[in-house]
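Novice: Encoded as structure tokens, here's the structure I'll be asking about.
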Amino acid sequence: MSQQSNIDSLTHVLGQTFGLYVQTHGYHWNVEGPQFRQLHMLFEEQYQNLWEALDEIAERIRCLGAYAPGSLSELVALAGETPAAAQSAEAMVDALIAANSDMADTLREAITTAQDAGDEVSAGMLTDRLEWHEKELWMMKSSRK
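Counting with our numbering, you get residues 44 to 188 for the letters of the sequence shown.
Printed below as a string of structure tokens:
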């Protein structure tokens, strides 16, 4: 696997993370209902983690000698499909379960790409991201039982 494929994979992860960040932050602002406080705080913790991850992923792309997407239009284009607005707290959690599951799948592919390119640093960073998303998935799925 080439280094360019690795950079492209990291750029895809960056864009998808950006999309999930915006989605999660919007849910934080708009959640309502009996679980308001709990979900408002959960979504805040999640979007803050995602925001920090954006910087880490972009800086890794720079370490590999490429330019990270630096404009809103580039990030929006990379973010993927815009999810439908969720109207209830339950729909928000369900949408975030789906989005984080998609993110975990993307991360698994990116880990393999990084390993194939011999980039253990990126593979480690992506594995840490996968661990975080899997834990968030477990917590959100558990809250829906």
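Built from N, CA and C at the ideal position, the CB exists for glycine as well.
Can you give me the start and stop residues for the alpha helix (DSSP H) that T156 sits inside?
Specialist: T156 -> alpha helix (DSSP H) spans 132-159.
Novice: Beta-carbon separation of A122 and G58 under 7 Å?
Specialist: Result yes, Cβ atoms of A122 and G58 sit closer than 7 Å.
Novice: List, from N- to C-terminal side, the alpha helix (DSSP H) runs of 4 residues or more that fit wholly inside the region 56-109.
Specialist: Fully enclosed alpha helix (DSSP H) runs of 4 or longer: 79-106.
Novice: What's the call for M182, buried or exposed, on a 16-neighbour Cβ count within 10 Å?
Specialist: Exposed, by the Cβ-count rule.
Novice: List the endpoints of the continuous alpha helix (DSSP H) containing A120.
Specialist: 115-122 is the extent of the alpha helix (DSSP H) around A120.
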